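Each number in our numbering comes from the position in the sequence shown (counting from 1) with 133 added on. Backbone N, C-alpha and C define an ideal beta-carbon position, used for all residues, glycine too. Note that the structure is a prediction, hence the values are computed from the model and not measured. See below for the structure under consideration.
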Amino acid sequence: MKNKAKIFVLDTNVVLHDHRCIYHFEENDVVIPIVVLEELDRFKKGNEQINFQAREFMREMDKLSGEDLFKSGVSLGEDNGTLYVETGKAFSEELSESFSEKNADNRILAIAEFIKNSNSEKDM
Numbered sequence: 134m135k136n137k138a139k140i141f142v143l144d145t146n147v148v149l150h151d152h153r154c155i156y157h158f159e160e161n162d163v164v165i166p167i168v169v170l171e172e173l174d175r176f177k178k179g180n181e182q183i184n185f186q187a188r189e190f191m192r193e194m195d196k197l198s199g200e201d202l203f204k205s206g207v208s209l210g211e212d213n214g215t216l217y218v219e220t221g222k223a224f225s226e227e228l229s230e231s232f233s234e235k236n237a238d239n240r241i242l243a244i245a246e247f248i249k250n251s252n253s254e255k256d257m
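Quick look at the structure:
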């Protein structure tokens, strides 16, 4: 019996730890919120390990990029899932009551909530 595929919404810290992280989720789908790409852009300059990780991840995204990345996603290769970039969703009423929309982590939470609510066939 095959396990139900999952969706992983990645935070900036995951990418800063391993620029090839998108390939470690097997057949599961990976979502990169646009806010993560914005945050990574600020980390690209410098000589520290996190700066290297940010630059290498952005290079990897450039290799995979195209309109499909934002629309239907792109395959991460054989035996891997699909990569999506999510541009952002409005905060739900519940999130708006508790969290500021100006905070990047809260915007990632809003995207994760939207994806969970619109993909009942997959676990998150």
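| query | In the DSSP assignment, what residue or residues form a beta bridge with Val-164? | reply | Here residue 164 is taken as the residue at index 31 of the sequence shown, counted from 1. Val-164 is bridged to Val-142 and Tyr-217.
| task | Would you kindly work out how many angstroms separate the C-alpha atoms of Gly-199 and Asp-212, rounded to a whole number? | result | As a first step, residue 199 is located in the sequence shown; it is residue number 66 there, counting from the start. As a first step, residue 212 is located in the sequence shown; it is residue number 79 there, counting from the start. Going by the C-alpha atoms only, they are around 21 Å apart.
| field | Local conformation of Ser-208 per DSSP, three classes | value | Mapped onto the sequence shown, residue 208 falls at position 75. It is a strand residue.
| task | State buried or exposed for Gly-146, treating a residue as buried only when at least 16 other CB atoms are found within 10 Å of its CB. | result | What you label residue 146 is simply residue 13 of the sequence shown in a count that begins at 1. It should be pointed out that residue 146 corresponds to Asn in this sequence rather than to Gly. The residue in question, Asn-146, is exposed, as its Cβ has fewer than 16 Cβ neighbours within 10 Å.
| field | Sequence-distant residues of its chain with Cβ nearer than 6 Å to Val-169 (five each side left out) | value | By 1-based counting over the sequence shown, the position of residue 169 is 36. Once the five neighbours on either side are set aside, the close Cβ partners of Val-169 are Thr-145.
| C-alpha gap between Glu-246 and Ile-167, whole angstroms | Within the sequence shown, numbered from 1, the residue matching residue 246 stands at position 113. Within the sequence shown, numbered from 1, the residue matching residue 167 stands at position 34. Distance between the alpha carbons of Glu-246 and Ile-167: 15 Å.
| field | Neighbourhood of Glu-160 by C-beta, 8 Å cutoff - its chain only, sequence neighbours within 5 removed | value | As a position in the sequence shown, residue 160 is number 27, starting the count at 1. Excluding positions up to five away in sequence, the list reads Ala-138, Asp-212, Asn-213 and Gly-214.
| Can you tell me whether His-157 is buried or exposed, with buried defined as 16 or more other CB within 10 angstroms of its CB? | Your numbering for residue 157 matches position 24 in the sequence shown. Per the 10 Å Cβ criterion, exposed.
| request: Throw me the rounded Cβ distance for the Leu-209 and Ile-155 pair, which I believe falls under 8 Å. | output: In the sequence shown, residue 209 corresponds to position 76, counting from 1. In the sequence shown, residue 155 corresponds to position 22, counting from 1. Indeed they touch by this definition, with Cβ atoms about 6 Å apart.
| Counting along the chain, where does the alpha helix (DSSP H) carrying Lys-235 start and finish? | Within the sequence shown, the letter at position 102 stands for residue 235. It is not in any alpha helix (DSSP H) - Lys-235 carries neither H nor E in the DSSP assignment.
| query | Mind checking whether Glu-172 and Ala-237 have CB atoms under 7 Å apart? | reply | The count along the sequence shown starts at 1 and reaches residue 172 at position 39. The count along the sequence shown starts at 1 and reaches residue 237 at position 104. In this structure, Ala-237 lies closer than 7 Å to Glu-172 by Cβ.
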